[in-house]
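Numbering (the numbering used here), first residue to last: 354 to 848.
Note that CB positions come from ideal geometry on N, CA and C, so glycine has one too.
Take a look at the structure set out below.
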Amino acid sequence: MTKKIFLSGIYHETHTFLSQPTTLSDFIINIGDDIIRENTGNGSPTDGFIEFASQKHWDIISGIQMSARPSGIVDEDAENFFDMKFFEKLEQNCENIDAIFLILHGAMVSKNHDDFEGDFLEKINHILKQKNITIPIVAVLDLHANVSDKMIDNSTCVYAYRKNPHSDSRDAAIKAALILNDLFENPNVNQVNYKTKYILPPTGVGTANDPMKSVLLEAKKIEKNDKDIICINVMAGYSYADIADCGFSLSCCTKGDVKIANNYLVSLAKVLEAKIDFAYPKENTLEEVLKKIKSLPVSDKPILLIEPADNIGGGTPGDATDLLSRLLQSDQEGIVAIINDPDSVQKCHQSKVGNEIELNVGAKFDNFHGAPIKIKAIIQKLSDGKFTLKNKQSHLASMMGMHIDMGLSAVLKTQQLTLLLTSIKTPPMDLGQLLSQDINPEEAKLIVIKAAVSHKDAYDPISSYSFYIDSQGLCTSNLKRLPFKKIGNKVIALN
Ligand SMILES: [Zn+2]
Numbered sequence: 354m355t356k357k358i359f360l361s362g363i364y365h366e367t368h369t370f371l372s373q374p375t376t377l378s379d380f381i382i383n384i385g386d387d388i389i390r391e392n393t394g395n396g397s398p399t400d401g402f403i404e405f406a407s408q409k410h411w412d413i414i415s416g417i418q419m420s421a422r423p424s425g426i427v428d429e430d431a432e433n434f435f436d437m438k439f440f441e442k443l444e445q446n447c448e449n450i451d452a453i454f455l456i457l458h459g460a461m462v463s464k465n466h467d468d469f470e471g472d473f474l475e476k477i478n479h480i481l482k483q484k485n486i487t488i489p490i491v492a493v494l495d496l497h498a499n500v501s502d503k504m505i506d507n508s509t510c511v512y513a514y515r516k517n518p519h520s521d522s523r524d525a526a527i528k529a530a531l532i533l534n535d536l537f538e539n540p541n542v543n544q545v546n547y548k549t550k551y552i553l554p555p556t557g558v559g560t561a562n563d564p565m566k567s568v569l570l571e572a573k574k575i576e577k578n579d580k581d582i583i584c585i586n587v588m589a590g591y592s593y594a595d596i597a598d599c600g601f602s603l604s605c606c607t608k609g610d611v612k613i614a615n616n617y618l619v620s621l622a623k624v625l626e627a628k629i630d631f632a633y634p635k636e637n638t639l640e641e642v643l644k645k646i647k648s649l650p651v652s653d654k655p656i657l658l659i660e661p662a663d664n665i666g667g668g669t670p671g672d673a674t675d676l677l678s679r680l681l682q683s684d685q686e687g688i689v690a691i692i693n694d695p696d697s698v699q700k701c702h703q704s705k706v707g708n709e710i711e712l713n714v715g716a717k718f719d720n721f722h723g724a725p726i727k728i729k730a731i732i733q734k735l736s737d738g739k740f741t742l743k744n745k746q747s748h749l750a751s752m753m754g755m756h757i758d759m760g761l762s763a764v765l766k767t768q769q770l771t772l773l774l775t776s777i778k779t780p781p782m783d784l785g786q787l788l789s790q791d792i793n794p795e796e797a798k799l800i801v802i803k804a805a806v807s808h809k810d811a812y813d814p815i816s817s818y819s820f821y822i823d824s825q826g827l828c829t830s831n832l833k834r835l836p837f838k839k840i841g842n843k844v845i846a847l848n
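This is the structure:
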């Protein structure tokens, strides 16, 4: 018999220290069959699920899918809208479905829910129990999810991305769908969750490096050697969430003994402990880096100046100026940078290509990301800011598929700098972003990158060196600068 799968999702990584909330208008919303229409072929996790479902001739019952770029706490209108649409559709269909499949992030915080996904899954379970319905609930999670016990206790199996940058997000959804397929044959599984005391900055959780590399490797060995283990998730966590469940965790879904599964997670936590120094990397000052650059051998490839404190993929506004303003005070030329500044873009679009314009650029979102930079520049390009990913497996595809909208955009040129201004903040995860604006990143001398790890697949191959630079901003790697209140005794730094 054809399986009927209820498909929905909500994707948001919530930076709780940002002052501005995330509203309903910040979300891309698809309801009903639009979920399938909008995602088919776009390289997203949902696309992966749709492909698998089609191969298995599953009938997809589409609920609601909402996703927004990482940003502040999700407001009441947005959480209520999702809740209303999801549960209305679930109530209509729950007697006739064989499973629920959810595309989640796992680090969403809303006005009324510190653990949005945990409370959401608990409510689903409650409704199903009331109606005596027992069906699998499988969810895909981002590797940066802050996994609560509630999320684990109220789902059948969660499966997270294994890679950061998230080049495997679509594959992860296919794997989760495969697990669901097996669950129809063997429904008796259990999950265990193991939360560690560590909250790790995004710069410390790239999967090409330790500690993630070693923990993932050991987890993979266990998955391979013990046939009872369905999956082990190594969850980096998302550090900018001031909630009790913030932090690095491990979870396991098993057909076997939960005690054995739990012992595996304890052993993996020891692997983390052994490599914990690498999870809190030290950053340079710009002055140190500029000195180092002078002594480097000449290369025709650009140098990356990474600015994790304004990591757009981590939620900050993408308009921090602290690093760029100081860089412009040096004698460096051939700089490429991107600043999100809708107000300045408007002014450029009121002028025309070839004109000189004077602007105060950046640092308009809040008071945590520097001061506007006074700039006199020639307008080199004006565009609608739409582009298609150059790499279909880009980290960006996990967030929004392959067609990206930066809003109205403008390119400015000065003696030192080529500056892309956008109207919708867009993480630098794909070279298509600059190439679509006729900026060839390979011709730059220095590229300022507002990211922590997610830029690597795009920018590392074209660069000679990269330096992480400490600057002002709410995605700082120095977590001691943030006013945490709800995390108890968790470790946010090693000294
Ligand atoms: Zn992530």
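Original post:
What first and last residue would you give for the beta strand (DSSP E) that runs through L799?
Top reply: Residue numbering aside, residue 799 sits at position 446 when the sequence shown is read from its first letter. 799-802 is the span of the beta strand (DSSP E), which, as asked, contains L799.
**OP:** Determine the contact status of S407 and T375, defining contact as a CB-CB distance below 7 Å.
**Re:** Position 54 of the sequence shown holds residue 407. Position 22 of the sequence shown holds residue 375. Judged by beta-carbon spacing, T375 lies beyond the 7 Å limit of S407, meaning their Cβ atoms are not closer than that value.
**OP:** Using three-state DSSP, classify T399 as helix, strand or coil.
**Re:** For the purposes of this step, residue 399 is taken as the residue at position 46 of the sequence shown. Three-state DSSP puts T399 in a helix.
**OP:** Could you please give the first and the last residue of the uninterrupted beta strand (DSSP E) stretch that includes N586?
**Re:** What you label residue 586 is simply residue 233 of the sequence shown in a count that begins at 1. Where N586 is concerned, the enclosing beta strand (DSSP E) stretches over 582-588.
Subject >> Three-pair Cβ contact test at 8 Å for the segment 487-497 versus the segment 587-594 >> reply: The segment 487-497 vs the segment 587-594: in contact.
Subject >> CB contact flag (V542, C605, <7 Å) >> reply: For the purposes of this step, residue 542 is taken as the residue at position 189 of the sequence shown. For the purposes of this step, residue 605 is taken as the residue at position 252 of the sequence shown. In this structure, V542 sits away from C605, with a CB-CB distance that is not shorter than 7 Å.
Original post:
What are the start and end residues of the alpha helix (DSSP H) that includes H756?
Top reply: The sequence position of residue 756 within the sequence shown is 403, counting from 1. For H756, no alpha helix (DSSP H) encloses it; the enclosing beta strand (DSSP E) starts and ends at 756-758.
Original post:
Would a C-beta distance cut-off of 7 Å place S306 and V698 closer than the cut-off?
Top reply: Beyond the ends of the chain as shown, which are 354 and 848, falls residue 306; an answer cannot be given.
**OP:** Report buried or exposed for E441, applying the criterion of at least 16 other Cβ atoms within 10 angstroms of its Cβ.
**Re:** Within the sequence shown, the letter at position 88 stands for residue 441. Exposed, since its Cβ has fewer than 16 Cβ neighbours within 10 Å.
Subject >> Any alpha helix (DSSP H) of 4 or more consecutive residues that is wholly inside the segment 477-510 >> reply: Taking only runs of at least 4 residues, the alpha helix (DSSP H) segments lying wholly in the segment 477-510 are 502-506.
Original post:
How about I688: is its C-beta nearer than 7 Å to some C-beta of chain B?
Top reply: Chain labels in this structure do not include chain B; a single protein chain is all it has.
Original post:
ligand 1 heavy atoms versus the CB of D495: any closer than 6 Å?
Top reply: Taking the sequence shown and counting its residues from 1, the one referred to as residue 495 is at position 142. Yes, ligand 1 has a heavy atom inside 6 Å of this Cβ.
Original post:
Count the other CB atoms within 10 Å of the CB of E448; is the residue buried (16 or more) or exposed (fewer)?
Top reply: Within the sequence shown, the letter at position 95 stands for residue 448. When all chains shown are included, E448 counts as exposed.
Subject >> Residues of its chain near K739, where Cβ-Cβ distance is below 6 Å and the 5 sequence neighbours each way are ignored >> reply: Counting from one through the sequence shown, the residue named residue 739 turns up at place 386. Within the same chain, K739 has close Cβ partners D758.
Original post:
When DSSP labels each residue in this structure, what does M461 get in the three-state scheme?
Top reply: Counted from its first residue, the sequence shown places residue 461 at position 108. Three-state result, M461: coil.
Original post:
If A804 sits next to N664, beta carbons under 8 Å apart, how far is it from one beta carbon to the other, in whole angstroms?
Top reply: Residue 804 sits at position 451 when you count from the first residue of the sequence shown. Residue 664 sits at position 311 when you count from the first residue of the sequence shown. Contact between A804 and N664 is confirmed by a C-beta separation of about 5 Å, below the 8 Å threshold.
**OP:** For D386, I'd like the list of residues in its chain whose CB is within less than 6 Å of its CB, leaving aside the five on either flank, ordered along the chain.
**Re:** Looking up residue 386 in the sequence shown gives position 33. Around D386: S415.
**OP:** Thinking S867 and M755 are a contact (beta carbons under 8 Å), I'd like their distance in whole angstroms, please.
**Re:** An answer regarding residue 867 cannot be provided, because it is not within the stretch 354 to 848 covered by the chain.
Original post:
Can you give the Cα-Cα distance for V427 and D694, rounded to whole angstroms?
Top reply: Your numbering for residue 427 matches position 74 in the sequence shown. Your numbering for residue 694 matches position 341 in the sequence shown. The straight-line gap from Cα to Cα measures roughly 22 Å.
**OP:** Label L437 either buried or exposed according to how many other C-beta atoms from any shown protein chain fall within 10 Å of its C-beta, with 16 as the threshold for buried.
**Re:** Against the sequence shown, residue 437 aligns to sequence position 84. Rather than Leu, the amino acid found at residue 437 in this sequence is Met. Per the 10 Å Cβ criterion, exposed.
**OP:** Mind checking which residues open and close the beta strand (DSSP E) that includes D412?
**Re:** In the sequence shown, the residue the question calls residue 412 occupies position 59. Start and end: 412-420.
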